[in-house]
Amino acid sequence: MKSPARLAQILFPAIVAAALGLGPVATAAETSTGSGAAIILTPPPSAKPRINGAQVFGVRPGTPFLFTIAATGDRPMTFAADHLPAGLQLDSDTGRITGVLNKEGDYVVTLHAKNRLGEASRPFKIVCGPHIGLTPAMGWNSWNCFASAVTAEDIKKAADAMVSSGLINHGWTYINIDDFWEVNPHRANDPTLQGPQRDADRNIVPNPRFPDMKALVDYVHGKGLKIGLYSSPGPWTCGGCVASFDHELLDARQYARWGFDYLKYDWCSYRPELETHRKISEAFVSTLTNWINSFPENRRDDMRPYAIMRAALNRVPRDILFSLCQYGMGNVWEWGAQVGGNSWRTTGDIRDTWKSMSANGFSQISNQPFAGPGHFNDPDMLVVGYVGWGPNLHPTHLTPDEQYTHISLWCLLASPLLIGCDMTRLDPLTLSLLSNDEVLAVDQDPLGQQAKRLVKNGDLEVWTKDMEDGSKAVGLFNRGDSPAAVEVKWSDLGWSGRHRVRDLWRQKDLGTFQNDFGAMVPRHGVELVRVW
Ligand code: GLA
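Read in order, the letters of the sequence shown are residues 37 to 568 in this note's numbering.
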């Protein structure tokens with residue numbers, strides 16, 4: 037049973053907290069972003085050190101290692117690591133771990149972050165072997181904000197803001213350039229997209245908006261962040277820029293020379309019939325024949341272009357996360373891991389509407405068993421903050437409750453989290469949505485499990501995710517148009533007795549509950565809890 041005060045508090049947290057004198061139940065604030073008044077539930081981070089972000093990290097032997105310890109708390113802060121394997125060094129001022137590991141194996145390290153108020157410690161497992169991306173990627177991508185207008189300056193500013201906003205301290209890592217870094221002969225009237233497509237050695241050449249790719253990559257790395265880029269297995273990207281068909285190995289080598297850490301590989305202009313036109317890469321692709329022939333015949337055409345790029349990436353001395361993008365065709369979740377995808381898009385492009393976001397997120401049901409450490413379903417990027425597919429941006433059309441649903445659901449789904457907004461205009465609500473460490477820990481849990489839909493009762497849904505410590509993250513969702521009570525029964529979780537429940541957005545223990553837990557959930561909203 038819930039007390040009326042508790043129900044009201046969930047419905048109207050700010051007002052009730054103030055009226056009841058409940059103090060820091062929820063930090064309330066209003067911003068002008070989004071539709072209506074925005075309620076900030078995430079408490080500000082403590083001034084004491086706290087280590088956030090991934091607890092497990094995959095690296096291939098012999099490749100450059102970069103991991104920045106994410107920690108909140110007052111600066112100055114000093115970092116230390118016990119049992120760091122030979123080959124790695126930690127910079128005690130920046131918390132960056134760099135170097136190279138040559139021997140495969142699991143290395144369990146203890147990280148420490150210390151400031152004048154105290155010290156935090158946390159285990160961190162480095163897994164040196166064939167697999168990377170063991171937890172879903174967290175970062176930013178240029179598309180939902182700049183789209184075809186992106187420039188190197190925009191990328192630098194996004195990297196700057198990732199640091200100055202403090203988001204880097206919550207585990208946000210990648211700064212990804214989407215389409216339009218390449219030359220685009222289809223937009224002949226835009227001089228910033230014209231130039232040589234490839235050099236004399238057939239290496240890809242960026243368009244004039246990216247005059248020095250190596251310098252840009254170094255700039256982003258210099259901030260302790262990683263950087264990604266985009267291509268297509270066809271001759272052209274979705275936007276009509278030069279892409280990788282018949283140049284896969286050359287492109288992978290060029291990405292590695294520049295120092296990229298992430299590749300989004302977007303189907304668009306690929307067609308299986310193109311394979312008969314392969315010339316430059318014929319010899320390389322013929323080495324893959326046995327592998328490709330081992331794929332199920334009805335999926336071979338879907339899998340081939342991704343297998344070719346995966347094989348190319350495997351041949352370069354750099355860890356490049358591989359993000360498949362083909363909108364879910366051919367049940368990609370069934371074979372995405374087999375072609376070495378670290379994630380695969382399962383849906384069409386997201387927009388900042390309730391219809392689009394909820395359709396993408398709540399449809400992730402039959403693909404659930406296929407997610408795991410190193411390979412995740414991807415219902416597309418985040419649409420909080422100022423978005424707009426460039427150049428005119430607007431505050432997301434999602435209401436605050438819809439934004440809570442969006443982030444809660446993506447974290448439950450163990451989805452890659454790629455911020456899509458203008459990083460230089462992070463308003464307080466957006467920042468609070470992206471910096472709740474207990475919510476982000478649901479996404480980053482080392483078990484790598486995707487939530488299952490446990491209950492569907494009309495517009496009310498309960499989704500649960502198994503966590504490594506045996507607890508469950510539970511989302512009580514209301515997809516309907518008026519507030520409703522949503523509950524989870526312990527028996528549906530296979531549990532009995534009393535269980536401890538914590539509200540993750542408010543970072544507050546709610547008590548122990550017998551048989552079930554329920555809450556009033558606003559229209560299009562969520563109550564996200566963790567149950568032990
Ligand atoms: C497709 C993808 C988007 C974006 C654009 C770029 O639509 O799904 O995420 O990468 O291409 O052109």
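All C-beta atoms in this analysis are idealised placements derived from N, C-alpha and C, irrespective of residue type, glycine included.
In the structure shown, what three-state DSSP assignment does residue i receive?
| i | result |
| --- | --- |
| T466 | helix |
| N378 | coil |
| F553 | strand |
| G362 | Reading the sequence as shown, one finds Gln at residue 362 and not Gly. Here Q362 sits in coil by DSSP. |
| A319 | helix |
| P242 | strand |
| E140 | coil |
| P232 | coil |
| T104 | strand |
| V478 | helix |
| Y422 | strand |
| T460 | helix |
| A90 | coil |
| D118 | strand |
| M503 | coil |
| A156 | strand |
Out of curiosity, what's the CA-to-CA distance linking residue i and residue j?
| i | j | result |
| --- | --- | --- |
| W390 | W208 | 25 Å |
| A73 | T435 | The predicted position of A73 is uncertain, since its pLDDT is 47 and thus under 50; a value taken from the coordinates is nonetheless stated next. Spanning the two alpha carbons is a distance of roughly 9 Å. |
| K139 | C447 | 33 Å |
| T69 | M393 | Residue confidence for T69 is low, a pLDDT of 40 falling below 50, so the modelled location carries little weight; the figure read from the coordinates is stated next. Straight-line Cα distance between these residues: approximately 18 Å. |
| L540 | G231 | 50 Å |
| T460 | G169 | 27 Å |
| S71 | H433 | Unreliable placement is indicated for S71, whose pLDDT of 40 sits below 50; the coordinate value is still reported in the next sentence. Their backbone Cα atoms lie some 7 Å apart in a straight line. |
| E523 | L564 | 11 Å |
| H442 | D237 | 45 Å |
| L429 | D458 | 8 Å |
| G98 | V136 | 6 Å |
| A65 | D437 | Because the pLDDT of A65 is 32, which lies under 50, any placement of that residue in the model is unreliable, and the question is left without a value. |
| N493 | P452 | 28 Å |
| I263 | K250 | 11 Å |
| I213 | S399 | 27 Å |
| A83 | L153 | 7 Å |
Could you round the C-beta distance between residue i and residue j to whole angstroms and report it? I think they count as a contact, below 8 Å.
| i | j | result |
| --- | --- | --- |
| L360 | Y342 | 6 Å |
| P353 | V92 | With a Cβ gap of about 23 Å, P353 and V92 do not count as contacting. |
| G109 | A149 | 7 Å |
| K2 | Y266 | Since the displayed the chain opens at 37 and closes at 568, residue 2 lies outside it and no answer follows. |
| F513 | W499 | 7 Å |
| N88 | A107 | 7 Å |
| N20 | W369 | The structure shown does not extend to residue 20, since the chain spans only 37 to 568, so no value can be given for it. |
| V557 | A520 | 6 Å |
| G270 | L310 | 7 Å |
May I ask you to check if the CB of residue i is nearer than 8 Å to at least one heavy atom of ligand 1?
| i | result |
| --- | --- |
| C181 | no |
| K300 | yes |
| C447 | no |
| R381 | yes |
| D388 | no |
| T312 | no |
| D385 | yes |
| Y306 | no |
| C361 | yes |
| T273 | yes |
| Y266 | yes |
| M417 | yes |
| D215 | yes |
Excluding sequence positions up to five away, which residues of its chain have a Cβ less than 6 Å from the Cβ of residue i?
| i | result |
| --- | --- |
| Q480 | A90 and T171 |
| V278 | E218, V219 and Q233 |
| D282 | R314, I316 and S317 |
| V186 | S178 and F216 |
| D495 | R515 and G516 |
| R534 | T548 and Q550 |
| R96 | D355 |
Kindly list the residues whose CB is nearer than 7 Å to the CB of residue i, restricted to its own chain and excluding five residues on each side of it in sequence; keep chain order.
| i | result |
| --- | --- |
| G376 | R346 and F358 |
| N396 | T383, I386, P415 and D416 |
| F101 | V95, L124, I133, T134, G135, V136 and L137 |
| R381 | L360, C361, Q362, Y363, G364, D414 and D416 |
Is there a Cβ of chain B sitting closer than 9 Å to that of residue i, yes or no?
| i | result |
| --- | --- |
| T273 | The structure shown contains no chain B; it holds only a single protein chain. |
Residues in the same chain with beta-carbon distance under 8 Å from residue i, minus the five sequence neighbours each way, listed in chain order, please.
| i | result |
| --- | --- |
| Q125 | I133, T134 and G135 |
| K161 | Q91, V92, F93, D142, Y143, V144, V145 and P482 |
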